[in-house]
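What follows is a set of notes on a single structure, which appears directly below.
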Amino acid sequence: MYTYAATRPLRTLYFDGFSSSKQGGGVFDMQNIIVYDDVHAGEWDWFFGDLERGKMLCEWGRQYGIEGFVREEATYEPPARWSPPDMSPWMTPYGEWHQWSMYRAASWHHTRPDTRVTVHPEYLVTLYDPVYSSLAANNRLPRLEHGLVDLSDEDRETFLEELDGAIRAWNNNTKGEGVSGVDWVAIAQAVVDRTGDTLAELHALISDIPPAANVTEVVSNARLAAFALLMPYVDHAALFAPGITTAERSSVLAAVSKRCSVVFTGHIDAPAYQLTSQERRLKHAVEGVSQRICSFSSGVLEEALNLLDTLPEDRTIAWNSVATWREGVEDLMGWLGWAMWERCPRMCGLDEQCYIPMWPLDRLTELDEAAPLVPRCIKKEDFKMVL
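To convert, take the position in the sequence shown, counting from 1, and add 492; that gives my numbering.
What follows is the structure, given as structure tokens:
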């Protein structure tokens, strides 16, 4: 095993999400639909059921020449029905720290993906698409509660047909013919890089405000943060024209929001691009995310500029607006759910890890029911609890 390595690129299928964790909650739904044609198959036997699921995935993938599957997992552990013997008399210092070492290794990819796996977004299939109307109820649930139990037979067949077509198209494009060449990973990262920090800054500026704070200063700071999100797309002469009316300002910012929403994808409609159906979905997704960010930012900027024209008289109205912005940016950040915002409240010590309680290491700390997935620093000693 010391020299085990692939001598050529392997054709693998990647399942996104926590798709190899031995728990319920829908993590196996997609795989169950593919191999069992039943979302509930094996749901009460997470460990041994997954062994059988893996065999069936390999059998299913053979028709496409798939040589393996990539699924996300933190580690593996014996099933709960086992009663492991007391190993303490034989446990070495190396064994005592194996969970700590495992979690540290897993944390290498908390912010950057593994470069040994190359994802092909042009063939990415997903059920996050309005066309699958039977799953519309997921839109009203927290992301962690999304599942496929409501997937209709018609939608399931439509999805499996798309999956079959995408894999066959991928197999046929071994030299890249017909692929648009659009770097969707870079586009998605650019959206995150350009807006993520500023959204977090805006949230910080209008949260935890001291009771004696000056509302004009708070509104002014929110205005600057919102403007920073839109600045490359603003016609400065039009927005800051002397004597501009609120109606004219609203019209200018509507145009700004529109330009902002398509800055990364507006040119991709050109005839030179031959998009797959999956790429067209990605294009709509990028524009949908951008539109929501841009629309929110332009709304805050417009309202802040209007308020600054009337302050200090309208303090109550201004404070109400700040509260609305705070709720809006929290909703937006929650909807986006970007990993860059998942961080510990302080820099963890050298003998600590920034830790999110989740299977299989969810027993290291006392779970907080109100916020069970909030990152926290945890000491190396605490990892001895799980062997």
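Yeah, the Cβ is synthetic: ideal placement off N, Cα and C, and Gly gets one too.
Can you tell which of 770, 542 and 627 has its C-alpha closest to the C-alpha of residue 653? Here residue 653 is taken as the residue at index 161 of the sequence shown, counted from 1. Here the closest residue by C-alpha is 770.
With a threshold of 8 Å on Cβ separation, who are the neighbours of residue 677 within its own chain once the five nearest residues in sequence on each side are excluded? Stepping through the sequence shown from its first residue, residue 677 is reached at position 185. Excluding the 5 residues flanking it on each side, residue 677 has same chain C-beta neighbours closer than 8 Å at 611 and 613, in chain order.
Would you list the one or two residues that DSSP bridges to residue 556? Counting from one through the sequence shown, the residue named residue 556 turns up at place 64. None; residue 556 has no bridge partner.
Between which residues of its own chain and residue 781 is the CB-CB distance below 8 Å, once the five residues before and five after are set aside? For this step, residue 781 is matched to residue 289 along the sequence shown. Cβ within range, chain order: 683 and 828.
On the criterion of 16 or more Cβ atoms from any shown chain inside 10 Å, does residue 593 qualify as buried, or is it exposed? Working through the sequence shown from its first residue, we reach residue 593 at position 101. Label assigned to residue 593: exposed.
Taking 7 Å as the limit between beta carbons, can you name the residues of its chain near residue 692, skipping five residues before and five after? Locating residue 692 in the sequence shown gives position 200, where the first residue counts as 1. Taken in chain order, the residues that qualify are 833.
Run the proximity test for residue 628: is its beta-carbon closer than 7 Å to any non-hydrogen atom belonging to the ligand HEM? With respect to small molecules bound, the structure shown includes none, and the ligand HEM cannot be examined in it.
Taking only the alpha-carbon atoms, compute the straight-line gap between residue 699 and residue 818 and give it to the nearest angstrom. In the sequence shown, residue 699 corresponds to position 207, counting from 1. In the sequence shown, residue 818 corresponds to position 326, counting from 1. Cα-Cα distance, rounded: 7 Å.
Cβ-based burial, residue 808 [other Cβ within 10 Å; buried from 16]: The count along the sequence shown starts at 1 and reaches residue 808 at position 316. Residue 808 is exposed by the Cβ-count criterion.
Check this for me: beta carbons of residue 789 and residue 714, under 8 Å apart or not? By 1-based counting over the sequence shown, the position of residue 789 is 297. By 1-based counting over the sequence shown, the position of residue 714 is 222. Result no, Cβ atoms of residue 789 and residue 714 do not sit closer than 8 Å.
Whose C-beta lies closer than 8 Å to the C-beta of residue 496 among residues of the same chain, with five residues either side of it excluded? Walking along the sequence shown from the start, residue 496 turns up at place 4. Within the same chain, residue 496 has no close Cβ partners at all.
Closer than 8 Å is the cut-off here; do at least three beta carbon pairs connect the segment 731 to 738 with the segment 757 to 764? Inter-segment contact for the segment 731 to 738 and the segment 757 to 764 is absent: fewer than three beta-carbon pairs are separated by less than 8 Å.
Enclosing alpha helix (DSSP H) for residue 618 [first to last residue]: As a position in the sequence shown, residue 618 is number 126, starting the count at 1. Run containing residue 618: none; DSSP gives neither H nor E here.
Between the segment 593 to 602 and the segment 841 to 852, can you find at least three pairs of beta-carbon atoms closer than 8 Å? Here the segment 841 to 852 makes contact with the segment 593 to 602; the two share three or more CB pairs at distances below 8 Å.
Using a 10 Å radius around the Cβ and a threshold of 16 neighbouring Cβ atoms, would you call residue 768 buried or exposed? Counting from one through the sequence shown, the residue named residue 768 turns up at place 276. Buried is the call here.
Alpha helix (DSSP H) runs wholly inside the segment 674 to 699, at least 4 long, in chain order: 676 to 697
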